[in-house]
Each structure stands twice: as structure tokens, then as C-alpha cells.
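Chemist:
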Amino acid sequence: MLKLDGVVIEAGDFTLRADWSVPAGARVALIGPSGAGKSTLLGAIAGFVAPARGRILWEGRDLGPLEPGARPVSILFQDQNLFPHLDVAENLGLGISPALRLGGEDRARIARVLARVGLAGADRRRPGTLSGGEAARVALARALLRARPMLLLDEPFAAFGPALRADMLGLVDEIATETGALVLLVTHDPADARRFAQSCVFVAEGSARPPVPTARFFAEADQTLRAYLGPSA
Amino acid sequence: MARRALALSPPAWPGAVAAGGLAALCLGTLAVLARAGQGGAGQGGGGLGPADIAAIRFTLSQAALSALLSVALAVPVARALARRRFAGRAAFVTALGAPFLLPVIVAVLGLVAIFGQRGAVNAALGALGLPAVDVYGLGGVVLAHVFLNLPLAVRMILHGWQAIPAERLRLAASLGFSARNVARHIERPMLRAVLPGALLAIFLVCLGSFAVALILGGGPRATTVELAIYQAVRFDFDLGRAALLALVQAGLCAAAVVAAGAMAAPSGFGPGAGRRIEAVPGAAGPVARAADALVLLGAAALISAPIAAVVARGLPEIATLPAPVWQAALRSALIAPVSAAVAVAGAVALLGPILRGGAGGRAAEVAAMLPVVASPLVLGAGLFLLLFPVIAPDRVALGVTAVLNGVLALPFVLRLLIPPAREIAATDGRLAAALGLSAAGFLRLVLLPRLRRPLGFGAGVAVAFAMGDLGVIALFATEAPTLPLQVMRLMGAFRMDEAAGAALLLVVMAFAGFALCDRWGRGGDAQA
């Protein structure tokens, strides 16, 4: 279980509060206007932003003292998820050994996850030669290798068209099912949330509200949420 | 969404070691000099004599003249390069980097060949019945400095021109600006921003002029402080006075560095090829075209003629150079890689604290500026004082030369590395942290491979600098000269053909060393 225990994040004028928890293995969408703090909240869980108050706990353990790489978390950023100077296999290898010391068994695992995300044989390619969708698949393959219990997606598919995004979310769902990971997905698109998430968190006006089951989230939207979603939703 | 990035940086402790080493070396030698200077003043009966005051005055005036003249000549060249497109323009801009790497002794030899008593210029003047020019004294020193620094000034100013957004010029054209209007509203404001930095950068370089003054200057009317330090050590063996002069030199450089820091001069060696500037109003006329062509041809002639003279004179000699020249060449070839290693390792180490920022980062940046204040002869004189009682200077000449040249090149290499390193730390540092890379792993797997290009370029420059060094080595060596020192001795013995041959060998070595490192650096590009 991920527990945000009275978390307050402050940066200048910006404040974000969150006080709720979600069970392991859940699929949660974070929805809200730009600048509301969705990415900042993921950053706090991943260890890039230190909360001013409160604690972030995973299975009862305070994550505060842990470095980003030591947290039970894999995170995909909006872009720059791969090192451009390393080839695909090396980028994946970092998911196994951050010092990139790899044995034969490790290489076999890399080949297997590459095949798993539909990129068999791409191991010697550089990120610069990959399409956006392929690069995202490699980053997901690395998350599969790391098999951390939380997968944080900070809009890594935001630049993709609807069909590709649906593909990617399908792949995320499969990978999360295999690894049993809790997925937190930042998105602007209610359709993504409806398709993918069991529950939704609305981030706006300085707070990340407790998660609400997706169907009810959209059915019982209050004024602020309706204003954000607009007439089409 | 302001996020305080807790991203990765390379480890800090090697930077602390490097900064400590720099501080110990630079401040330590200054302390040694200060003590010896006091002693010298005590026994000698009075600090600086009239000759020393004259040296200070000459140092300042030749540096000011050199800077003014270099920049004044560079403005039309840069403008012509900015607004003209012609075959070979990119090559021209690249070639402007050459004098920067050229060993100073070679430049001087070439200038003597062209402007000397029996050079081409005086031959032409004589044929026309005009009085001869003298390449020695203030005129020669300034001429050499202009030759060496004009290209640097052109690149700095060209950089400013290319930073003018093309949209601004399009707007000017649409408003019907004349060339004069463009100059007034666009070009002059740019120059006002760029020129002070260029002036100070060249002034600072010329303050530390040693090799040029050693050969073209000298005497009571054309001695720089650096040269006076050398003479105090080598000829008068008045170490107290040498120390006092070294303190003066350090003070002059420190003042110039502080002034330069206040202006934040742009670096002159960014990408030179530049983006396309569309039609500049008023530049299309035949007069403007002819003027630009003339300016570019003149600059090309000034830069290429001395080098061509050395090549022409040296080429027939190179196969028959005597053994001492080859031995000297071997010594230079051994020194240069050590210097480059010192410069690169030190600069990379300092990146750790600098990327982390805070007080440690600022301390590291200050430490990295120390070698700029402590010139070759200042550091050399301090070490000479320190080592002289313990060991014969000749025996440590090569080692001291290698290390000091590395230290002196370090600030340059570091300035090349900082901007791209900051960018890499900002983008890849977060990803590396998310994946759990250690600080050392980040350095090894991410930062160094991605910095390969500036590392190669920086190492190349350090190699060329060390190959061409004629400051530290002149102070220490008597028995075992490096190649530049050997060239100087051949010149001193009026064996000019041999000197040209040895100089040509030196040029080839310096440029080959640079090219080797730079090519290694570019080898990483296939992957980007």
C-alpha cells in the first residue's frame, strides 16, 4: 500500500497537499490542470522533491530517507527516458545493474524483455534512431526488468496519437499485471483514465484529492472538476 | 511547478582534491614569492628599480595597444564574415582557430621572416624607396600580439554578430533601414556588449606575454614583467627581485581577471560556422562588397603569410635536422600528453563540486581561476625558488613544465566542459538518479561519454599549448631543451634555416597532437 500521510509539498508560492492511500497493484490516474502539481506529486514519490511536511510510506516503510534509485519505484518522464549515447541494450542493462556490469544471463533477460515489448533485435540501436513509440517501449521494457512495485508514468505518452497511446497503455497494463505493480498515471485525457484506471485522483487548487473509483469520479464530478473536464466529458 | 532537482552529480571529493591542489600550488608559490620578495627588498636596499617600473609601464601599454588594435581590426573582418557567404567561408572560420594553437615561437619566427630586416615587406618598401620597418621593439611586440589574437577577436565578435536574430534584420529590411541605420540600431549595441569582453580577454593574454617579448622585445624600452622575471632568475640570479616582479605580475593579472569577471566575457570558441543571416540592408552594393573582400583578403594574408614563410623556409631543412632537434622534439612529445592529462583530469574532477553548486561549487570555480592569475613565469619562479635549494632545476625541468602547462590549460578546458555538463546533469541526472546510478557510475557511464567531444577538443588544445610552451621551460632548462626552446636557441645562434625547419616540425607536432585528440572526441558523434 502506498500511503501519503499528511504530505505537503511547497515550492515558492506553490503548495500541494495529499493525504490518502492506494493499495498495491492498483491502477490510478492523476487528472488535473497543468501546473496543479501532478508531476510534482510523482516527483515526491520518486524522491526528486522533498515534502515540506508529512511522510510517504510504502508497505508501512517511510521512503523519506531513500535516494531516488533506492525507492520501490520506476518512473517514466515525459521525455528523455533513455540515455542518447548508450544503445538500447545498455539502456536496458542499467535497469539490471546501475554500474552496467552485466553477465550472460543478464543479456538473455534483456533480449527477452525486448522481444516482450515487440522490439526483438533492436538491442544495438541508439535512441536517436527510435521512433517515439519505440523509445517508450524500451523504457517500459526497462521498468519490466527493474520490476519495482510502483510504476509512475509522468505523461510519457502525451505526445502520441490516440491509437498509439491506447497501445502503450495496453502494454503498461500487461507489464504491471506481470510485475504486480501499482501504476500512477498522470494524464490530461479523461479517455485514458476511463480505459486504464480503476480510480482517479483529481489534482487542483493546491490539493490531490483522495482517489475515487473511475466511474463515480466522472459521474459525480463537482463544479471544479466539471470546469476542468469541459462540456464534452 | 518548481521542482528542486535532487538529480545526480559526479562525485565531489576528486574536485576537492583538485581545488586543494590548485590552491596549494598557486597560493603556495605566491606565499613563497612574498617571503622571498620581502627578503629581496630588504637586502637589495629597495623594492623595484626604475627598470622594473619601465617594465610595468611597457607591459600595460603594449597589452592595451595590442588589445585595441586586434579588436579594431577584427570588427570589419567579423562583419564581412557575418554578412558574406562564399566558398571556403567555413574553412576560413576554422582556420581562424589556427593561430590560437600555433606555438608562439613559430609565429614570431614567421613574423621576423616577413617583417624582419631581410623580410619580404622591407624588400618591397626598399624597392619603393620607402623607409624600412623594424620588427623589434614595441611595434614588433604589438604586431605579434595582433597576429596571435586577431583571430580570437574575430571569432568573439563574429559570435556576437551571429547572435543577432535573423528576425531583427528582416524587420530592419522591411522598414527600409540603410546600412547606417543597421549599424546604429543593431550592430553598435551588439558591439558595445561584445567588445569590452574581447578587449579584456586579449589584454589579459598580452599581460602575460613572455616569448614574444623575449625575442622581439628586450632592452630597457621593451621588457615585459614576465620577461623581467625571467631575466632576474636566469641572468642576474636575483631571486628576491624576481619574486617581487612575480607578485606585481600576479597583481596585474588578478586585477584584469576581476574586471573581466565583472563583464562576463563571451567565450570566443563556440561554434563558428553560424546560422544563415539573410540579406543585411545596405550590404549588397558593389563598394561594400569590394570592401569586405579586401578586408577578408587582408586578414587572410596577415594570418597565412608568416606561417607560409616558416613552411617554405623549413620544409627543405626538415629531413636534415640535427639530432639535438629530434631529441628536443621527443621531450616535447613526452611532455604534452602529461599536460593534457593533468588539465583534463583536473577539470573533470572540478566538475563534481561545480555541478553540485553551493559554497563548494563556488570555491571550486575560484580555485579554477587561480592559474589565470598566476602566469607561467609566476608559477615557474615560485617553484624555482622552492626547488632550487633542494634539487638542480634542470633535473626537474621536464616534469615541472609538463605539470605547470597542464595546470595553466585547466581553466580553459573547464570552461569548455561546464556548459554541456550542466545541460547533461539537468536532463540525464534525474534519469540516472531514478535508475539508482551512483555518483561515480553517473560520471563513468553518462557524463564522460557524453562530454567526449569537448574533452577531445580540450585535450587537443592542452597538447598544443604544452608543445608550444616557452615560458616555464626557459626558466628551468639549460641542458635538455624542449623543441620550442631549441628553436629559440637556433634563432639566437642565427641558424635561421635550421630554426625554421625545427619550427615547422613543432607546428606539425602541435597540430597533429591537437587533431588526434579532437578526432577522438568527434568519434563519439556517430552515436548521438
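For the protein sequence lines, the chains are B and W, in the order given.
Be aware that the first sequence starts at 1, since it is given in my numbering, and climbs by one per residue.
Be aware that the second sequence starts at 1001, since it is given in my numbering, and climbs by one per residue.
The C-beta atom is built at its ideal place from N, Cα and C for all residues, glycine as well.
(1) Listing by chain order, which chain B residues have their CB less than 7 Å from the CB of PRO1449 of chain W?
(2) Helix, strand or coil, according to DSSP, for GLY1160 of chain W in the structure here?
(3) Can LEU42 of chain B and VAL183 of chain B be called in contact, C-beta distance under 8 Å?
(4) Just the chain B side, please: which residues come within less than 9 Å of SER1438 of chain W by C-beta, in chain order?
(5) Which residues in chain W sit within 9 Å of GLN80 of chain B, going by Cβ to Cβ distance?
(6) Against ALA46 of chain B, what residues of chain W qualify as contacts under a CB-to-CB distance less than 8 Å, listed in chain order?
(7) Would you report the Cα separation of ALA1392 of chain W and SER1009 of chain W, rounded to the nearest angstrom?
(8) What number of angstroms, rounded off, separates the C-alpha of ALA1309 of chain W from the C-alpha of PRO1484 of chain W?
(9) Using the beta-carbon of each residue, which ones in chain B are nearer than 8 Å to GLY1441 of chain W?
(10) Smallest Cα separation from VAL1344 of chain W: which of W:VAL1133, W:CYS1517, W:VAL1077 and W:ALA1024?
(11) Ends of the beta strand (DSSP E) at MET1 of chain B?
(12) Applying a beta-carbon distance threshold of less than 8 Å, which residues of chain W neighbour GLY95 of chain B?
(13) By the three-class DSSP mapping on this structure, what secondary structure does ASP1052 of chain W have?
(14) Name the two residues that bound the continuous alpha helix (DSSP H) containing THR40 of chain B.
(15) Kindly say whether PHE77 of chain B, judged by its beta-carbon, lies nearer than 8 Å to any beta-carbon of chain W.
(16) Going by C-alpha distance, which of W:GLY1285, W:TRP1161 and W:VAL1106 is nearest SER1178 of chain W?
(17) State the Cα-Cα distance for the pair LEU116 of chain B and THR177 of chain B, rounded to the nearest angstrom.
(18) Could you tell me whether the Cβ of LEU1445 of chain W comes closer than 8 Å to any Cβ of chain B?
(19) Tell me whether PRO211 of chain B is buried or exposed, calling it buried when 16 or more other Cβ atoms sit within 10 Å of its Cβ.
(20) If VAL113 of chain B and ALA89 of chain B are in contact, beta carbons under 8 Å, what's the gap, nearest whole angstrom?
(21) Buried or exposed for GLN223 of chain B, please, with buried defined as at least 16 other CB atoms from any protein chain shown within 10 angstroms of its CB.
(22) Using alpha carbons as the reference points, say which of W:ALA1018, W:GLY1346, W:GLY1218 and W:ALA1107 lies closest to LEU1455 of chain W.
(23) Name the two residues that bound the continuous alpha helix (DSSP H) containing LEU184 of chain B.
(24) To the nearest angstrom, how far is it from the Cα of ALA1474 of chain W to the Cα of ALA1329 of chain W?
(25) Pop quiz: THR1427 of chain W and ILE1335 of chain W are said to be a contact at Cβ under 8 Å. What is the actual Cβ separation, rounded to whole angstroms?
(26) May I have the straight-line CA-CA distance separating ALA166 of chain B from ASP189 of chain B, to the nearest angstrom?
(27) Report, in whole angstroms, the separation of the C-beta atoms of LEU1245 of chain W and ASP1497 of chain W, which I expect to be a contact under 8 Å.
(28) DSSP three-state label for ARG1519 of chain W, please.
(29) Between the region 1072–1080 of chain W and the region 1148–1157 of chain W, do three or more beta carbon pairs fall short of 8 Å?
(30) Would the region 154–162 of chain B and the region 120–127 of chain B be scored as touching if the rule is three or more Cβ pairs under 8 Å?
(31) Just to confirm my understanding: we take ARG146 of chain B, look at its own chain, exclude 5 residues before and 5 after, and list those with CB closer than 7 Å. What are they?
(32) Taking Cβ positions, are VAL1104 of chain W and ALA1213 of chain W nearer each other than 8 Å?
(33) What span of residues does the beta strand (DSSP E) with VAL203 of chain B cover, start to end?
(34) Where does PHE14 of chain B fall in DSSP's three states?
Modeler: Inspection of the coordinates gives the following:
(1) Correct list: HIS85.
(2) For GLY1160 of chain W, the three-state secondary structure derived from DSSP is helix.
(3) no
(4) GLY69, PRO98 and ALA99
(5) THR1427, ASP1428, ARG1430 and LEU1431
(6) Ordered by position in chain W, the residues that pass the 8 Å Cβ test against ALA46 of chain B are ALA1434.
(7) 43 Å
(8) 17 Å
(9) PRO98, ALA99 and LEU100
(10) VAL1344 of chain W has its Cα closest to that of W:CYS1517, out of W:VAL1133, W:CYS1517, W:VAL1077 and W:ALA1024.
(11) Note, MET1 of chain B: premise wrong, no beta strand (DSSP E); not H, not E.
(12) Correct list: LEU1435.
(13) helix
(14) 38–46
(15) yes
(16) W:GLY1285
(17) As written in the sequence, residue 116 of chain B is Arg, which differs from the Leu given in the question. So the alpha carbons of these two residues sit roughly 14 Å apart.
(18) yes
(19) buried
(20) At roughly 10 Å, the Cβ-Cβ gap does not stay under 8 Å, so VAL113 of chain B and ALA89 of chain B are not in contact.
(21) By the neighbour-count rule (16 or more Cβ atoms within 10 Å), GLN223 of chain B is not buried but exposed.
(22) W:GLY1346
(23) Premise fails: LEU184 of chain B lies in the beta strand (DSSP E), 182–187, not in any alpha helix (DSSP H).
(24) The C-alpha of ALA1329 of chain W is placed about 15 Å away from the C-alpha of ALA1474 of chain W.
(25) By a beta-carbon distance limit of 8 Å, THR1427 of chain W does not contact ILE1335 of chain W. Their separation comes to about 38 Å.
(26) 11 Å
(27) Rounded, the Cβ-Cβ distance is 36 Å, inconsistent with contact.
(28) helix
(29) Verdict: yes, contact present.
(30) Contact between the region 154–162 of chain B and the region 120–127 of chain B is absent: fewer than 3 CB-CB pairs across the two stretches fall below 8 Å.
(31) SER74 and GLY95
(32) No, the Cβ-Cβ distance between VAL1104 of chain W and ALA1213 of chain W is not below 8 Å.
(33) 199–204
(34) strand
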